[in-house]
Each structure stands twice: as C-alpha cells, then as structure tokens.
Amino acid sequence: MSIVIVTWHSVGDVGPLLASLADTLADGAELVVVENASGDDTPARVRAQVPGARVIENASNRGFAVAANQGFAASRGAYVLFVNPDTVMHAGTVTRALAHLTTDPVIGVLGCRTLNDDGTPQPTVDRFHTVGGLVREAMTSRRGLEGAPRGSAPATTCDVDWLYGSFLLCRRAALSAVGGFDETYEMYGEDLDLCHRMRAAGYRVVYLADATLTHRGNQSGARRYGERRDVAVLKGTLRFFRRRRGVGAERAFRVLAGGSFAAKAALSAISILTGAPGEAALRARLYARLAWLCATGDPAARRERASATPGAPAPSSQGAAPPPVRRDVSEPGART
C-alpha cells in the first residue's frame, strides 16, 4: 500500500497526520509526499518524522491534480491512499478501509466517515452535479456555491456517486485504467471528475461508514483562496459540466446560475443601506464576481478554445474511460 500526501503550506498540519499514520507506516506502507513549493519546512518535517518517506519538491505550485499524479507515478502499491495533510486518521481507519476495498475487485475508490474538529459529521459524499440541482443550491445558499454541493454523511456503508477528496483510497488498477486525476483541474472538482470516470468505467465508488477521520476543513484552500474559494469552486463546476456533461449543459448552468447570482448581488447591495454594511458589501462583491464568471465563462476554457486547431476535436480528457470492468478483474503485479 502507498500513501500520497500533497502539501502546500502544510508544515503545521502534516505532523499530526503522520503521527496518526504511524501504525500503517510501521506495517510497511510506503509514504510519498509531493510538496508544492511552499517554501517552508514541510519537507524537513516529513523526513524527520518518517525517514523512509519519498519527498518530491516541486519548483512551483502545480496544483493538486498534477501533484497527486506525480505521487501516484512515484508510488508502487497496489492500493494508493490520497489523503489531505489537514486530516487525522482515527485508530484502525486505514486498516478497515483497505480490508473493505479488497473484498470486491470492482471497488475502484473508497472514502470514509469524516468529522469536523468538534466531532460533528462533515459532508463526505454527494450526487453528481445537475443543472437544476446546482441552480437550486446557488439560489438557496447564503453564499452561493461555497461548499456546494452540500453533500451528506451517510450512516451506513453504501455505493455513492462521488466522494470528497480528503480521503480517497484507490485501487491502482482502477486509477491507472481511468488515467489518474484530470490535471486541468487545479484544486476543486478533481475528486468529482475522478469518481465520475470511475463509475463510467464500471468501477464502484464506495463510502465506508465504520472507518473515521477528522478533517480540519480545507486549510490549503482557505490559505490559497480565502474569500475567492467560491470562485474557485464555480470554476471547477463549470469545467466538470463542460468536460463531462457537454458545452450545452455548461451554458445552461451559466445562464441560470448567473441570473441567480446577479439577483443576489443586487439584493445584497440594497441591504447595505439597511443591514450590516461590511458583511453586505462582501456578499455583494462575491455574488457579482460569480455572476461575471457565469457570464464570461472560465478563462482557462477560453484559452483552450483559442489554442485549439480549427476543425480539430476538443482536447480529450485525461483518462478516457475504458470498457466497463468485469467481476473477474485481477490486480496488477504491484506490491501491497
């Protein structure tokens, strides 16, 4: 088994995670850490705590998906756990997760019950995005798409559409078959996209209720984006629609959600006169940015279209899904 951790300014987070993985590492799991040019002491902290760890130090922040694929390529295990640095495993979590994954060769990826710092359940799974569902979320959520879709934390083990990316235990054969993480996603949406391709390829995506971790809640995202996190989430959502649902679905969502955001921006602007002006001003600015993004589209998508050869097909997504897998899928010759 291999454990891959992507870090970015995670020097204060990674120590508790590594401590919680001590038993798993002692049992022979390999550790690969990909450090995205934080400029801090994360590499030294990892090497001091786990002397046998492989640490890949990038010269620039290449984003989560690229770094995760780097870690995957450097790993050797038949099972690969991608885990956020701001998580802590509860006793026996990795052991139970691995045991469940190995019960069925068609399970491609598995996630676990996740708690907040205060012990309350943290949303871990969700259904695939639809235009109508996301527009309802945009209209009813106080801050648009922050944390959307809101997801759930099931009480029992079950198959799900997709898992949040704080803990993804993948079968190497399955992850190789779908081509790894789609590197066109920088930070948000790559977990959704991966699970979508897993299911399209015939693999199961499973939530395990009796294995638990604590997730402090998107520390890297908070540091990188701050209040711009909503914008980053929306960009990831638009990219998923464009790549997996088609340009028509993306445009429909942009029109409907953009109108909702514009209306909420106007209402927030009006409330500046009657409510707390500071908070209302922040909301108005946020909704205006989201509405503008819906109106203009993701800049990365525009660059892709501009660089495409006229008449040529759109760039294929990373990891085109193979034919659906069979129940007699065998594991590759990799160590566990």
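The C-terminal position of the sequence shown is numbered 1415 in the working numbering, with every residue numbered one higher than the one before it. Note that the Cβ used here is the ideal one computed from N, Cα and C, for glycine as well.
Open item on the list: When you compare the CB positions of Val1111 and Val1125, do they come within less than 8 Å of one another, or not?
Closed with: Counting from 1 along the sequence shown, the entry for residue 1111 is found at position 32. Counting from 1 along the sequence shown, the entry for residue 1125 is found at position 46. No, Cβ-Cβ distance for Val1111 and Val1125 is not below 8 Å.
Distance, Cα to Cα, Asn1148 vs Leu1365?
-> Taking the first residue of the sequence shown as position 1, residue 1148 is located at position 69. Taking the first residue of the sequence shown as position 1, residue 1365 is located at position 286. The alpha-carbon atoms of Asn1148 and Leu1365 are separated by roughly 32 Å.
Are the Cβ atoms of Thr1193 and His1294 separated by less than 8 Å?
-> Residue 1193 sits at position 114 when you count from the first residue of the sequence shown. Residue 1294 sits at position 215 when you count from the first residue of the sequence shown. Contact check for Thr1193 against His1294 passes: the beta carbons are separated by less than 8 Å.
Discussion item. In the DSSP output, what is Thr1293 paired with across the bridge?
Written reply: In the sequence shown, counting from the first residue as 1, residue 1293 sits at position 214. DSSP lists Val1167 and Leu1194 as partners of Thr1293.
Original post:
What span of residues does the beta strand (DSSP E) with Leu1100 cover, start to end?
Top reply: As a first step, residue 1100 is located in the sequence shown; it is residue number 21 there, counting from the start. Element bounds for Leu1100: n/a, residue is neither H nor E.
* Got a sec, what are the start and stop residues for the alpha helix (DSSP H) Arg1133 sits in? -> Working through the sequence shown from its first residue, we reach residue 1133 at position 54. Looking at the DSSP string, Arg1133 is not in any alpha helix (DSSP H); the run it does join, the beta strand (DSSP E), is Arg1133 to Glu1136.
- Message: The alpha helix (DSSP H) that contains Ser1255, what's its start and end?
- Response: Residue numbering aside, residue 1255 sits at position 176 when the sequence shown is read from its first letter. Going by DSSP, Ser1255 is part of the alpha helix (DSSP H) stretching over Arg1251 to Ala1256.
So does Leu1254 have its beta carbon nearer than 7 Å to some heavy atom of the ligand ADP?
As presented, the structure is devoid of all ligands, the ligand ADP included, so that no description of it is given.
Practice prompt. Report buried or exposed for Gly1198, applying the criterion of at least 16 other Cβ atoms within 10 angstroms of its Cβ.
Written response: One-based indexing of the sequence shown puts residue 1198 at position 119. By the 16-neighbour rule on beta-carbons within 10 angstroms, Gly1198 is exposed.
As a quick exercise: from Phe1143, Asp1106 and Thr1174, pick the residue whose alpha carbon is nearest that of Ala1290. By one-based count along the sequence shown, residue 1290 stands at place 211. Of all alpha-carbon atoms in Phe1143, Asp1106 and Thr1174, the one lying nearest the alpha-carbon of Ala1290 is that of Thr1174.
- [ ] Would you check if there are 3 or more beta carbon pairs closer than 8 Å linking the segment 1275 to 1290 to the segment 1178 to 1196?
- [x] Segments in contact, yes.
Open item on the list: Assuming Ser1339 is part of the alpha helix (DSSP H), what are its boundary residues?
Closed with: For the purposes of this step, residue 1339 is taken as the residue at position 260 of the sequence shown. Taken as a continuous stretch (DSSP letters only), the alpha helix (DSSP H) holding Ser1339 covers Val1326 to Ser1350.
(message) Please return the same chain residues whose Cβ sits closer than 8 Å to the Cβ of His1208, not counting the five positions on each side in sequence.
(response) Here the question's residue 1208 lines up with position 129 in the sequence shown. Excluding sequence neighbours, His1208 sits near Pro1228, Leu1271, Thr1316, Phe1319, Phe1320 and Arg1324.
Practice prompt. Could you tell me the distance, in whole angstroms, from the CA atom of Thr1203 to the CA atom of Leu1346?
Written response: Sequence index remark: in the sequence shown, residue 1203 carries index 124 (1-based). Sequence index remark: in the sequence shown, residue 1346 carries index 267 (1-based). So the alpha carbons of these two residues sit roughly 32 Å apart.
field: Closest residue to Ala1331 among Val1145, Ala1374 and Ala1256 (Cα-Cα distance)
entry: What you label residue 1331 is simply residue 252 of the sequence shown in a count that begins at 1. Minimum Cα distance to Ala1331 is reached at Ala1374.
**Q.** Classification of Asp1196 by the beta-carbon crowding that lies within 10 angstroms, buried from 16 upward
**A.** As a position in the sequence shown, residue 1196 is number 117, starting the count at 1. Around the beta carbon of Asp1196, fewer than 16 other beta carbons sit within 10 angstroms, so the residue counts as exposed.
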